[in-house]
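In the order they appear, the protein sequences are chains A and B. Residue numbers for the first sequence follow my numbering, beginning at 1 and rising by one. Residue numbers for the second sequence follow my numbering, beginning at 1 and rising by one. For every residue, glycine included, the Cβ atom is placed at its ideal position computed from N, Cα and C. Heads up, the thing below is written out as structure tokens.
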Amino acid sequence: MAEIRFDHVSCVYAGAARPAVDELDLTVEDGEFLVIVGPSGCGKTTSLRMLAGLEQVSSGAIFMGERDVTRLSPRQRDIAMVFQSYALYPTMSVQQNIEFPLKVAGVPRRERAARAREVAEMLDLTEYLSRKPAKLSGGQRQRVAMGRAIVRRPQAFLLDEPLSNLDAKLRVMTRTQIAALQRRLGVTTVYVTHDQVEAMTMGDRVAVMRDGVLQQCASPRDIYLRPCNTFVAGFIGSPPMNLLPVPTAERGVRLGAAVVPLPRGTLAALNGDREVILGLRPDAFELTSEAQDAVEVHVSLVEILGSEAYVYGQAAIDGRATDIVLRADPVDAPEHGAVVHARPLPERSHVFSASTGQRLGS
Amino acid sequence: MTAAGIAGRAQTAGWRPARVAARLRRSWPSWLLILVTLLFTAPFLWVFTHSLESSAEWAQNKTVLWPHAPTLANYRAVLFKDGFLTNVANSVIVAAATTAATLVFGSLAGYALARLPMRGKSAILGFILLAGFFPLTAMIGPLFKVMSRLGLLDTLTAVSISDLIYTLPLATWLLASLFAQLPEEIEEAAMVDGCTRLGALRRVVAPLAAPALATAAVLSFILAWSDFTFSLSFLQDESHFTAPLAMLQLGQTKFYTYYNLTDATVVITALPIVVLVLVMQRRIVSGLTGGAVK
Chain A
1 MAEIRFDHVS
11 CVYAGAARPA
21 VDELDLTVED
31 GEFLVIVGPS
41 GCGKTTSLRM
51 LAGLEQVSSG
61 AIFMGERDVT
71 RLSPRQRDIA
81 MVFQSYALYP
91 TMSVQQNIEF
101 PLKVAGVPRR
111 ERAARAREVA
121 EMLDLTEYLS
131 RKPAKLSGGQ
141 RQRVAMGRAI
151 VRRPQAFLLD
161 EPLSNLDAKL
171 RVMTRTQIAA
181 LQRRLGVTTV
191 YVTHDQVEAM
201 TMGDRVAVMR
211 DGVLQQCASP
221 RDIYLRPCNT
231 FVAGFIGSPP
241 MNLLPVPTAE
251 RGVRLGAAVV
261 PLPRGTLAAL
271 NGDREVILGL
281 RPDAFELTSE
291 AQDAVEVHVS
301 LVEILGSEAY
311 VYGQAAIDGR
321 ATDIVLRADP
331 VDAPEHGAVV
341 HARPLPERSH
351 VFSASTGQRL
361 GS
Chain B
1 MTAAGIAGRA
11 QTAGWRPARV
21 AARLRRSWPS
31 WLLILVTLLF
41 TAPFLWVFTH
51 SLESSAEWAQ
61 NKTVLWPHAP
71 TLANYRAVLF
81 KDGFLTNVAN
91 SVIVAAATTA
101 ATLVFGSLAG
111 YALARLPMRG
121 KSAILGFILL
131 AGFFPLTAMI
141 GPLFKVMSRL
151 GLLDTLTAVS
161 ISDLIYTLPL
171 ATWLLASLFA
181 QLPEEIEEAA
191 MVDGCTRLGA
201 LRRVVAPLAA
211 PALATAAVLS
221 FILAWSDFTF
231 SLSFLQDESH
241 FTAPLAMLQL
251 GQTKFYTYYN
261 LTDATVVITA
271 LPIVVLVLVM
281 QRRIVSGLTG
291 GAVK
């Protein structure tokens with residue numbers, strides 16, 4: 001087990017205009033479960049593949065513990081990887097698949113069988129040991145891929161979107177199983193996904209990437225409560241945060257008829273900006289019947305999800321018709337076509353610079 | 001379903017003509033298949049029948065389906081006289097050498113074309129295919145010159161090298177498309193699991209490629225075994241002849257051609273191919289239709 005450190009790591013593909021990964025600086029602590037999340041093409045998988053040794057590092061260095069592994073081949077790094085497609089060996093049985101890393105390492109047959117059995121029990125695969133991968137369901141294949149990874153007791157687990165080929169229900173179940181397994185084994189884990197729910201529920205920390213650049217790396221709670229820029233703010237959270245360009249006022253910002261007061265620190269950080277981006281999650285509003293200090297929203301769509309409802313509509317903000325999402329109580333959710341008054345909650349507001357998109361204030 | 005079978009069933013059903021007609025209408029694809037199969041096998045059956053005739057019976061030319069007194073005399077004559085076995089051995093050498101070379105170069109080329117990043121990949125593949133379809137007769141002359149320069153005239157090597165012109169493009173295409181189909185992640189998984197690149201090829205890719213390799217091997221062997229033109233063009237000494245070439249001379253005397261003897265050599269020459277195809281039938285079909293691996 002070891003700490004993993006990316007030290008200004010870049011990856012430039014031949015002929016590409018911009019690097020796939022740009023100066024990635026990131027430390028995964030010993031035993032930590034780090035999730036890298038971002039939209040497709042953001043460089044998350046490339047980062048993982050560089051860590052695995054499957055992709056050339058163009059510049060920078062990767063350390064595992066004290067060891068510089070930048071130029072080492074995959075087999076010299078003592079890592080285990082679960083691929084998106086699982087990449088099971090089709091000609092081998094489940095047992096042979098799980099044993100394969102041990103066989104390559106020259107572990108005697110009897111010990112191999114014992115360890116494979118132990119792993120199979122852990123993953124509920126005992127009755128499938130003699131089957132070929134083609135005869136397994138998606139969930140079972142996924143578990144075999146996990147088994148092949150953990151049988152080695154490697155320095156680190158690398159998981160590349162291991163749940164994206166499972167159906168929704170199984171994905172939720174497997175998500176908790178993987179997280180629990182990682183906590184039990186205590187092996188440093190880097191997990192790549194494009195699904196922000198996986199990122200938020202599984203990781204000790206979440207690293208958000210965009211266009212090859214690391215945006216923010218923090219605990220799920222911090223990422224949600226204090227996103228560092230408009231991209232992270234919009235990417236994490238569902239439905240996404242409302243990002244509204246608004247003019248500044250004396251003690252805050254003007255949102256339609258309402259003035260949202262800002263804390264002193266944020267006001268100081270405004271630096272004389274005339275316009276900022278106000279970030280309000282759907283739950284950062286209070287629905288009222290009074291028009292005072294509230295935004296008038298014309299409801300165009302209502303989604304009732306059971307325990308909560310989301311109201312999609314338009315509001316006139318700073319003279320422009322702007323799309324806005326609000327959370328409502330499903331019991332008395334407004335109807336399609338209604339007009340509701342939404343009063344922003346100042347303590348749940350985020351402010352970002354209109355020019356750089358960076359968070360202003362604390 | 002045979003005609004007798006249809007008639008028999010029709011009888012038990014009480015001879016209703018409408019019903020028989022309906023049966024016949026529904027079974028026409030089977031009849032068509034039987035007809036086509038007969039069309040393809042008839043020449044071979046004809047050859048086989050005559051290979052069992054004595055020379056006397058052959059001269060009378062009366063045999064229709066089966067000789068009056070079938071005999072293995074022709075086979076004895078062919079196998080134990082006239083050095084035909086040497087010619088068969090030559091064919092085995094040529095076909096085996098061609099197959100081995102095809103597999104080695106074809107799999108390396110196929111792997112490289114499928115996996116390595118390179119410019120003009122499709123142009124190279126296209127050119128390889130073109131070479132494989134180039135008219136045979138147009139190549140004989142230049143090849144003859146090349147072989148003569150290399151001092152390879154009248155050697156089996158010349159025939160084997162020339163056979164590669166047809167077998168290698170076939171194998172390269174077959175294997176390139178197989179390797180392209182194999183997910184690269186399987187090799188990467190093997191490398192993460194502790195293999196070197198070559199180790200991953202040996203432990204993980206080779207077992208997956210086995211069916212396609214077998215297909216390529218069988219097809220190369222058949223192509224090389226059946227070659228006639230190259231042997232005719234490059235071989236001069238009768239002891240160097242391959243079986244198809246020697247076939248031509250056996251049974252020929254100055255005044256008369258004993259086709260019953262020739263027919264026996266045809267059967268002997270065709271037999272290995274027939275056996276090979278029957279044994280490997282499923283592999284060949286699955287290899288050719290791709291998706292041999294899923």
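For Leu278/B, the secondary structure class from DSSP, reduced to helix, strand or coil, is helix.
Residues are counted here when their Cβ sits less than 7 Å from a Cβ of chain A; for the stretch 163-183 of chain B these are Pro183, given in chain order. The stretch 102-155 of chain B is shown to contain whole alpha helix (DSSP H) runs of 4 or more residues at 121-133 and 136-149, in chain order. Minimum Cα-Cα distance from Ala214/B among the listed residues Thr49/B, Leu164/B and Leu276/B corresponds to Leu276/B. If one requires a minimum length of 3 residues, the beta strand (DSSP E) runs lying completely within the stretch 50-129 of chain A are 59-64 and 79-82, in chain order. Residues of chain A with a Cβ closer than 7 Å to the Cβ of Pro207/B are, in chain order, Thr91. Rounded to whole angstroms, the separation of the alpha carbons of Ile79/A and Leu48/A is 11 Å. Residues of chain A with a Cβ closer than 8 Å to the Cβ of Gly120/B do not exist; the shortest Cβ-Cβ separation is about 15 Å.
Counting along the chain, Gln182/A sits inside the alpha helix (DSSP H) bounded by residues Ala168 to Leu185.
Residue contact with chain A for Ala189/B: present (Cβ-Cβ distance below 7 Å to some residue of chain A). Between Thr71/B and Ser220/B, the gap from beta carbon to beta carbon reaches 7 Å or more. At a cut-off of 7 Å between beta carbons, Gly194/B contacts chain A.
Excluding its 5 nearest sequence neighbours in each direction, Ala131/B has C-beta neighbours in its own chain below 8 Å: Ile165 and Pro169, listed in chain order. Contact between the stretch 178-187 of chain A and the stretch 127-139 of chain A is absent: fewer than 3 CB-CB pairs across the two stretches fall below 8 Å. For a Cβ distance threshold of 9 Å, nothing in chain B lies close to Arg109/A: the least Cβ distance comes to about 16 Å.
Met92/A and Ala149/A do not touch by the CB rule: their CB atoms are close to 15 Å apart, not below 8 Å. Interface residue (Cβ-Cβ distance to chain B less than 7 Å): Phe6/A is not classified as such.
Rounded to the nearest whole angstrom, the C-alpha separation of Asn271/A and Val351/A is 13 Å. Rounded to the nearest angstrom, the Cβ distance from Gly313/A to Ile324/A is 6 Å, consistent with a contact under 8 Å.
Residue state for Asp293/A is assigned as coil, using DSSP reduced to three classes. Contact check for Gly110/B against Ala176/B passes: the beta carbons are separated by less than 7 Å. Shown here for Ser55/B: same chain residues with a beta carbon closer than 7 Å to its own, the five before and five after excluded, namely Tyr258 and Asn260 in chain order.
Chain-order list of chain B residues neighbouring Leu54/A: Glu188, Met191 and Val192, by C-beta distance under 8 Å.
No Cβ of chain A is located within less than 7 Å of the beta carbon of Glu53/B.
By the neighbour-count criterion, in which 16 or more other beta carbons inside 10 Å mark a residue as buried, Thr265/B falls on the buried side.
Distance from the CA atom of Val20/B to the CA atom of Leu39/B, rounded to whole angstroms, is 26 Å. Buried is the label assigned to Pro154/A, since at least 16 other Cβ atoms lie within 10 Å of its Cβ.
In this structure, the alpha-carbon of Arg183/A lies about 20 Å from that of Gln196/A. One finds nothing in chain B with a Cβ atom closer than 9 Å to the Cβ of Ser289/A; even the nearest lies about 58 Å away.
Under the three-pair Cβ rule at 8 Å, the stretch 192-209 of chain B does not count as touching the stretch 136-151 of chain B. With contacts defined by Cβ atoms closer than 7 Å, Ala354/A and Ile277/A form a contacting pair. One thing to note: Ile98/A has its Cβ within 7 Å of the Cβ of Ala116/A. A distance below 6 Å between beta-carbons, with the five flanking residues on each side excluded, links Met200/A to the following residues of its chain, in chain order: Pro220.
Within chain B, not a single residue places a beta-carbon under 8 Å from that of Phe352/A; the smallest gap is close to 39 Å. Chain-ordered, the chain B residues with CB closer than 8 Å to the CB of Arg75/A read Met191, Val192, Asp193, Gly194, Cys195 and Thr196. Between Leu34/A and Arg210/A, the beta carbon gap of about 17 Å keeps them out of contact (Cβ cut-off 8 Å).
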